[in-house]
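Novice: Each residue of the sequence shown is one higher than the one before, counting from 110 in our numbering. The beta carbon of each residue, even a glycine, is placed where N, CA and C say it ideally should be. Here the structure is a predicted model, which is why all the values come from computation and not from measurement. Got a structure for you, written out below as structure tokens; questions coming shortly.
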Amino acid sequence: MNNNITLTEAVNGVLNCQRENGHPESYLIDFKRTCNRLLGHAERLGTEYLTDDLVTQFLADSNNSRSGEYRHERFLAHNRCIRFLESYLETGKVSVNKFHEPVRESISDGLAKTLELYDQAEEASGLSKASLIKNRRPVRYLLEYMTSLGYQELSDIQPGDTMKAIEDMLEKHYAPTSLVTAISGMRRFYEMFPEIRPLRIEIPSRMPRKRSIIDVYSEDEIVKISSQLSSSDISRRDAAICLLSFETGLRSVDICNLRLCDADWKHNAIHIVQSKTQRPLNLPLRSSYGNAMADYLLKERPDCTEEYFFLSVHAPYVKLNTTWHIVKAAVSAAGVETEGRLTGTRMFRHNAASAMLRKGVPLSAISEGLGHKCQDSTMVYLSTDQETMSSLTLPLPKGGSGT
Numbered sequence: 110m111n112n113n114i115t116l117t118e119a120v121n122g123v124l125n126c127q128r129e130n131g132h133p134e135s136y137l138i139d140f141k142r143t144c145n146r147l148l149g150h151a152e153r154l155g156t157e158y159l160t161d162d163l164v165t166q167f168l169a170d171s172n173n174s175r176s177g178e179y180r181h182e183r184f185l186a187h188n189r190c191i192r193f194l195e196s197y198l199e200t201g202k203v204s205v206n207k208f209h210e211p212v213r214e215s216i217s218d219g220l221a222k223t224l225e226l227y228d229q230a231e232e233a234s235g236l237s238k239a240s241l242i243k244n245r246r247p248v249r250y251l252l253e254y255m256t257s258l259g260y261q262e263l264s265d266i267q268p269g270d271t272m273k274a275i276e277d278m279l280e281k282h283y284a285p286t287s288l289v290t291a292i293s294g295m296r297r298f299y300e301m302f303p304e305i306r307p308l309r310i311e312i313p314s315r316m317p318r319k320r321s322i323i324d325v326y327s328e329d330e331i332v333k334i335s336s337q338l339s340s341s342d343i344s345r346r347d348a349a350i351c352l353l354s355f356e357t358g359l360r361s362v363d364i365c366n367l368r369l370c371d372a373d374w375k376h377n378a379i380h381i382v383q384s385k386t387q388r389p390l391n392l393p394l395r396s397s398y399g400n401a402m403a404d405y406l407l408k409e410r411p412d413c414t415e416e417y418f419f420l421s422v423h424a425p426y427v428k429l430n431t432t433w434h435i436v437k438a439a440v441s442a443a444g445v446e447t448e449g450r451l452t453g454t455r456m457f458r459h460n461a462a463s464a465m466l467r468k469g470v471p472l473s474a475i476s477e478g479l480g481h482k483c484q485d486s487t488m489v490y491l492s493t494d495q496e497t498m499s500s501l502t503l504p505l506p507k508g509g510s511g512t
């Protein structure tokens, strides 16, 4: 790593590389904001260079500055920042590869080998890449914690260590309601290795999940959003993405993974295999979002060999990784409040389900349209509609005159 380049020079070098790679200005602004936090840490440490102490302190700064709660987005942003800077200091350019692991994973060699075996077994299971990454994260945290205790092998893990590791995760990485995936991934990990299989009893059977009544869009807000999506103020790509999710409830990951060949224009249908469940889903290609998709394809989509339907606006033209920012920008531009409420395609999905409920669509049909494995998964969407919830409650018995 080139230690003759100051941190400020490295930051400017990375920004220039990102700009040359075609990243939009909004991305550069967010990245610069992250770099400014790093420069603030450097100033407090009295260094002008990227040192080990600076990296350690910066990566540990993963909590919200106001509430003090852990923020995974901040954790990932800081890791990306360090990766880009180290790449620039080593090669003079920035790697455009996407990373999902922390910068400096500290797991002992013996425990790292078990992680490799776990990875191989999980990949062979046929889970989507997103699920593999999500499931692996808590197992990695577990092994990092065991390494911090000085353990080299799974046989070193003692009764009580697993529960302490879970407590450590809750303190540093997860809210209690976000640890559901961690529980299932860890249980499979413990089942895989005889040395720790007896200790799986320390893993809670379940984590409580809060089921709140979600404040879906009002009729007035739906009109505003529909008007915005049909206006000339939004790009053809963003309009097609939002309309597709708004009317079908299609998940963001499935929109990002949509391929050109998935749109069956001859039979007016969309055929996909859902990333989350690996189950096939067939959707009607309605004129509303179908016309918007065709409009984007013919008039705005970059002329390239990429097989994915929706691509980045700027070169290099690649598939999208998320649609959250697109949906939020469209909803905000429509004059609909987004702060303090669910946002993105998840909100569109809840809203689509709620709209079907209000129209009297049977639960089985809603479940099929949303691509759920069973109707039980669809029951959560009852909580999106207070009117529907109220109609399902039993009336209180009237008191007798003699009471």
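1. Among the residues of its own chain, which have a CB less than 8 Å from the CB of residue 220, if the five just before and after it don't count?
2. Where residue 283 and residue 349 are concerned, what is the direct C-alpha to C-alpha distance, given to the nearest angstrom?
3. Name the DSSP beta bridge partners of residue 343, please?
4. According to the neighbour-count rule (16 or more other Cβ atoms, all chains shown, within 10 Å of its Cβ), is residue 358 buried or exposed?
5. Buried or exposed for residue 113, going by 16 or more other Cβ atoms inside 10 Å?
6. In three-state DSSP terms, what is residue 202?
7. Per DSSP, residue 420 forms a beta bridge with which residues?
8. In angstroms with no decimal places, state the Cα-to-Cα distance between residue 295 and residue 305.
9. Let me know the secondary structure DSSP gives residue 379 once reduced to three states.
10. Please classify residue 359: does DSSP put it in a helix, a strand, or coil?
11. Residue 440: which of 230, 375 and 352 sits nearest, CA to CA?
12. What is the residue span of the beta strand (DSSP E) that residue 391 lies within?
13. Could you compute how far the alpha carbon of residue 188 sits from the alpha carbon of residue 374?
14. Nearest CA to the CA of residue 292: which residue from 228, 243, 338 and 185?
15. Determine the closest residue to residue 467 out of 346, 328, 245 and 404, with distance taken between C-alpha atoms.
16. Use the C-beta contact count for residue 213: other C-beta atoms within 10 angstroms, 16 or more gives buried, fewer gives exposed.
17. For residue 203 versus residue 144, is the C-beta distance shorter than 9 Å?
18. Based on Cα-Cα distance, which residue from 298, 224, 365 and 443 lies nearest to residue 416?
19. Determine the direct distance from the alpha carbon of residue 179 to that of residue 270, and round the result to whole angstroms.
20. Where does residue 116 fall in DSSP's three states?
21. Just to check my reading of the structure: residue 298 and residue 367 have Cβ atoms closer than 8 Å, yes? What is that Cβ distance to the nearest angstrom?
22. Buried or exposed: where does residue 376 fall if 16 or more other Cβ atoms within 10 Å of its Cβ makes it buried?
23. For residue 372, name the three-state secondary structure that DSSP assigns.
24. Between 379, 385, 401 and 302, which has its C-alpha nearest residue 341's C-alpha?
25. Thinking just about the alpha-carbon of each residue, which of 438, 420, 465 and 433 is nearest to the one in residue 132?
26. The alpha helix (DSSP H) spanning residue 142 covers which residue range?
27. Pull up the distance between the alpha-carbon of residue 172 and that of residue 281, whole angstroms please.
Specialist: Let's see:
1. The residues are 252, 255, 256, 260, 261, 262 and 263.
2. 34 Å
3. DSSP, once it has assigned bridges, lists no residue as partnering residue 343.
4. Per the 10 Å Cβ criterion, buried.
5. exposed
6. coil
7. Residue 420 pairs with 428.
8. 11 Å
9. strand
10. coil
11. 352
12. 389-393
13. 42 Å
14. 243
15. 328
16. Note that residue 213 has pLDDT 47, beneath the 50 cutoff, so the model's placement of it is unreliable and the number below is only indicative. Exposed, since its Cβ has fewer than 16 Cβ neighbours within 10 Å.
17. no
18. 365
19. 22 Å
20. The answer is helix: DSSP assigns residue 116 an H, G or I state.
21. Actually they are not in contact, since the Cβ atoms of residue 298 and residue 367 sit about 33 Å apart, beyond 8 Å.
22. exposed
23. Residue 372: strand per DSSP, three-state reduction.
24. 401
25. 420
26. For residue 142, the enclosing alpha helix (DSSP H) starts and ends at 134-154.
27. 9 Å
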